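As you go down the protein sequences, you meet chains H and B in turn. Going from the first sequence to the numbering used here is simple: count from 1 and add 254. Going from the second sequence to the numbering used here is simple: count from 1 and add 496.
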Amino acid sequence: MTRAPVVDEPRPAAKGAKKITIALAGQPNVGKSTVFNILTGLNQHVGNWPGKTVERRMGHLEHHGVSIDIIDLPGAYCLTANSPEETITRDFVIHEQPDVVMVVINASSLERNLYLVTELLALHRPLVIGLNMMDVARQAGYEIQPEVLSAAIGAPVIPMVASRGEGVHELLDAAIDVAAQDEPQALNRPEIRPDHEDVLARVQRIIARDVPSPYPADWVALKLLEGDSEITELMEYHLTPEVWSLLQNVLRKHEDAIIAVAGGRYEWISRMAQTALVRPRVGHVTLTQRLDRVATHPFWGLLVLAGVLAIIFGLTYAVGGPLQEWVEETGIEIVSGWVLGLLTWAPAWFQALIADGVIGGVGAMLTFLPILIIFFACMGFMEDVGYMARAAYVMDRFMHSIGLHGKSFMPLFLGFGCNVPAIMGARILETRRSRLLTIMLAPLVPCTARLAVLTVLAQVFFAGNAILVTWLLTGLPLVVLALSGVVIRQLFLRGEQSAFIMEMPLYHLPNRRTIGLTVWQRTLSFLRKAGTVILAVSVVVWALSTLPHGEIETSYLATLGRSLEPVGRLMGLDWRSVVAILTSFIAKENAVATLGVLYGVGDGARTLSDVLAGRFTAASGLAFLVVQMLFIPCVATLAVIRQEAGSWKWVLINVLFLGTLALGGGIIAYQVARLLL
Amino acid sequence: MLEELLRQLVSEEILTLEDLARRMSVSEPLLQQMLQDLARGGYIEAVGATCDTGCSSCDEHEVCALVQGRRIWRLTDKGFRLARGPNETPSR
């Protein structure tokens, strides 16, 4: 960096003075407050920084005959004025000109913490560095040589373990010594990248006469090159229009100078780390890193995901299955008998509506609540320990490996929760073509509702093999999605690629309360749906299956269902099953409720599991589930497709695309399974 | 170093911070700082996973671990141009 025109002269009052001011700086959570408390004890005054809600702490102490005021600056990662903390820190150091800046850094995260040091060095105040958390750094396998770091920076570096009080008074002694020195510190500051030295010098020349005191001119020049809005406004105010215009021209031509300025800091940090830091030996990795080596591996990660899903489904069936059976066999009977007992006064049609429409539909769906609660708990557990982000990451890597990727990643990623935000997430894509293609594919990502239906019905159709079937059918739409992606990519999106960087959460022990809350909120959401959409659809399905003569076989619904039965027959499905699939268009869970209504399980005499086991073969059950997993999305998703695509045409295309896919998949599944099973 | 980081992003991959830190031979916390600097300059941007993608209207958004507690960064056109040179434009 071009040498600063500002001389590092400590304030005259500090030389040999008996009263000094120390600014205590540091990034958040580095132990700065511990140092402040040890040094000042009870002599503290707490208030707010003027005009801010950020706490201001000042303290006083006497040490070796020197009267010392310490100002505890708010924790700041850097001095870019992006937050009140950063602004307060840099404004204090610039305007109050403390005799010494005492910066506390975390030894176990040395490089990141040195970033703040690079910014403080540019402010030309005397500096001492407290290298705190040396014990944590040693445990993590880092070896740091404070004296080497001190020589490299040109400022005292004091090793500390502030939590045990170690090194704190040595740090204070070093600060007093620095304040008492006549000669300015020979600090080794970061330099701007060599190819931008001329630009920096030019900016400095342009602003040299107009930089208001006490701002260091070279620091102002750097901040202008970085595009710091506060400093840019300051200089616009102080420069004449002609000089301002000249400066603007230079800055516009070098709008990428921020890379050269910040890059210089990183080069400096890298040099310091290479000089004074010995990294952990190879193999010394954190638990999260160790687990991620497997969990996010392109191949092993997929196996882990498959295993985790198998465990989730296994646990769900092992624990939830018996509970569901009990609720189904005794719960429905009890509720049905009790409700019908209360309705003896009511007309027969109303009793039938309650028994067959409400209890048969919503009630049948609710008997699966134990299975869903266990499923939600398993998912909540995996989310809470930090695994679900890895699962999504591994899945996307898999899609990428076979060609489907690019900026569709984010929307598809969101689809695992719900297809609605997935469709809306396609807004981040720049071109209409990629947006539309992503919108078409997003409903193939299995959402929570689809998975819930699969989990419930696989248990009914396949009992002993439910885990395997659920596991395979969860992967089915993803494989179809990936294959569609390959075709689409080759035809329409060739060359569109972009990297994403995901910040993964750390693995941690599960928290019972968090998981409980997750289960509660999801169950509540399911119950809300059962009490509204599913209830309404059940009543409508019951009405259409009763009218006009009170006989299901001659009802309007039967007429509609029978007109579609030829298609259903290709998949081994009767008209009732076809209608159940159609009603899942309103909400996925309706498939189960409609089966309950149409097979008349509301009287409590027969359970849905018994009825369906008698009506479905393994092949037709499989076909039903394949159709469920590939079928057109729910009405809410289609409404969002209309909104985002701006035309009903795309809704129709989506319905035709997924409808054909589901039908084809169902027929193939049935015909192949019939031969094999 | 920042230009090297941008070049790493003109790939066809999804990277975790750990992947990238290993490639760049820097610590993850420092890499996060580098990403902040690149974002400040408009070279990369955090892809919001909440308000701008409709999650707030979703029943599950309170508990959805997919969109909580993490950020996803992507390269902007400005970042792409700097990494690849002024004559190249990102394919759309």
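Even for Gly, the Cβ is constructed at its ideal location relative to N, Cα and C. Predicted, not measured: the structure shown is a model, and the values here were computed from it.
Cut-off 6 Å between Cβ atoms - residues of its own chain near residue i, not counting five sequence neighbours on either side
{"i": "E397 (chain H)", "result": "V532"}
{"i": "M356 (chain H)", "result": "I276, L278, V382, A429"}
{"i": "M825 (chain H)", "result": "A877, G920, I921, Y924"}
{"i": "A631 (chain H)", "result": "V773"}
{"i": "G918 (chain H)", "result": "none"}
Close Cβ partners of residue i (< 7 Å) along its chain, the five nearest in sequence each way excluded
{"i": "L385 (chain H)", "result": "I359, A361, I398, P400, V411, I412, P413, M414"}
{"i": "A376 (chain H)", "result": "R443, W473, L476"}
{"i": "A511 (chain H)", "result": "H450, V453, L479"}
{"i": "K783 (chain H)", "result": "A841, E843"}
{"i": "L690 (chain H)", "result": "A899, W904"}
{"i": "V707 (chain H)", "result": "K842, E843, A845, V846, Q882"}
{"i": "G822 (chain H)", "result": "D828, W829, S831, V832"}
Residue i, DSSP secondary structure in three states
{"i": "L488 (chain H)", "result": "helix"}
{"i": "S521 (chain B)", "result": "coil"}
{"i": "H803 (chain H)", "result": "coil"}
{"i": "W904 (chain H)", "result": "helix"}
{"i": "G550 (chain B)", "result": "Model confidence at G550 (chain B) stands at a pLDDT of 47, short of 50, so the residue's coordinates are unreliable and nothing is read from them."}
{"i": "L501 (chain H)", "result": "helix"}
{"i": "L368 (chain H)", "result": "helix"}
{"i": "N673 (chain H)", "result": "helix"}
{"i": "L467 (chain H)", "result": "Note that residue 467 (chain H) is Ser in the sequence shown, not Leu. Three-state result, S467 (chain H): coil."}
{"i": "T709 (chain H)", "result": "helix"}
{"i": "N302 (chain H)", "result": "strand"}
{"i": "E496 (chain H)", "result": "helix"}
{"i": "G617 (chain H)", "result": "helix"}
{"i": "T529 (chain H)", "result": "helix"}
{"i": "G313 (chain H)", "result": "strand"}
{"i": "D452 (chain H)", "result": "helix"}
{"i": "G384 (chain H)", "result": "strand"}
{"i": "S693 (chain H)", "result": "Just to set this straight, residue 693 (chain H) is Ile in the shown sequence, not Ser. Three-state DSSP puts I693 (chain H) in a helix."}
{"i": "M530 (chain B)", "result": "helix"}
{"i": "G517 (chain H)", "result": "helix"}
Pair within 8 Å by beta-carbon distance, residue i and residue j
{"i": "T848 (chain H)", "j": "A834 (chain H)", "result": "yes"}
{"i": "G568 (chain H)", "j": "P624 (chain H)", "result": "no"}
{"i": "A514 (chain H)", "j": "H450 (chain H)", "result": "yes"}
{"i": "L818 (chain H)", "j": "S799 (chain H)", "result": "no"}
{"i": "V402 (chain H)", "j": "T542 (chain H)", "result": "no"}
{"i": "L912 (chain H)", "j": "F780 (chain H)", "result": "no"}
{"i": "Y445 (chain B)", "j": "L513 (chain B)", "result": "Absent from the model: residue 445 (chain B). The displayed extent of chain B is 497 to 588, so no value can be given."}
{"i": "Q351 (chain H)", "j": "R310 (chain H)", "result": "no"}
{"i": "I568 (chain B)", "j": "A542 (chain B)", "result": "yes"}
{"i": "L884 (chain H)", "j": "V710 (chain H)", "result": "no"}
{"i": "L563 (chain H)", "j": "T702 (chain H)", "result": "no"}
{"i": "V457 (chain H)", "j": "L501 (chain H)", "result": "yes"}
{"i": "H314 (chain H)", "j": "I325 (chain H)", "result": "no"}
{"i": "V347 (chain H)", "j": "I274 (chain H)", "result": "no"}
{"i": "M497 (chain B)", "j": "E521 (chain H)", "result": "yes"}
Sequence-distant residues of its chain with Cβ nearer than 8 Å to residue i (five each side left out)
{"i": "E490 (chain H)", "result": "W498"}
{"i": "W902 (chain H)", "result": "R896"}
{"i": "D482 (chain H)", "result": "T334, A335"}
{"i": "Q504 (chain B)", "result": "L511, L516, R519, M520"}
{"i": "N765 (chain H)", "result": "D638"}
{"i": "A927 (chain H)", "result": "A872, A873, L876, A877"}
{"i": "L862 (chain H)", "result": "E582, A618, T621, V714, V846, L849, G850, Y853, V855"}
{"i": "V723 (chain H)", "result": "A712, F715, F716, L876, L879"}
{"i": "V308 (chain H)", "result": "N302, P328, P338, E339, I342"}
{"i": "G408 (chain H)", "result": "Q439, A440, L441, N442"}
Any chain A beta carbon closer than 8 Å to residue i
{"i": "Y761 (chain H)", "result": "Reference to chain A is not applicable here, since the protein chains of this structure are H and B."}
*Please name the residues in the stretch 353–373 of chain H whose beta-carbon is closer than 7 Å to at least one beta-carbon of chain B, in chain order.*
S363, E365, R366, Y369
*Inspect the CB distances between the stretch 792–800 of chain H and the stretch 879–898 of chain H and report whether three or more fall short of 8 Å.*
No, the stretch 792–800 of chain H is not in contact with the stretch 879–898 of chain H.
*Pair every Cβ in the stretch 598–605 of chain H with every Cβ in the stretch 725–745 of chain H, then say whether three or more of these pairs are closer than 8 Å.*
no
*Please confirm if the stretch 277–295 of chain H is in contact with the stretch 321–332 of chain H, defined as three or more CB-CB distances below 8 Å between the two stretches.*
Between the stretch 277–295 of chain H and the stretch 321–332 of chain H, the count of C-beta pairs closer than 8 Å reaches three or more; the two stretches touch.
*Using Cβ-Cβ distances below 8 Å, what residues of the stretch 502–534 of chain H are close to chain B?*
D510, I512, I513, A516, G517, Y520, E521, I523, S524
*Which residues, in chain order, does the stretch 824–846 of chain H contribute to contact with chain B at a C-beta distance below 9 Å?*
none
*asked:* Under 8 Å: do the stretch 779–788 of chain H and the stretch 836–846 of chain H share three or more Cβ pairs, one atom per stretch?
replied: yes
*Contact between the stretch 414–424 of chain H and the stretch 284–294 of chain H: three or more CB pairs below 8 Å?*
yes
*asked:* Along the stretch 486–502 of chain H, where does the CB come closer than 7 Å to a CB of chain B? Name the residues.
replied: none
*Listed from N- to C-terminal order along the chain, which residues in the stretch 310–334 of chain H have their beta-carbon within a distance smaller than 9 Å of any beta-carbon of chain B?*
Within the stretch 310–334 of chain H, those residues whose Cβ lies closer than 9 Å to any Cβ of chain B are, in chain order, Y331, C332, T334.
*asked:* To be precise: take each residue of the stretch 714–741 of chain H, compare its Cβ to all Cβ atoms of chain B, and keep it if any distance is under 8 Å. Which residues remain?
replied: none
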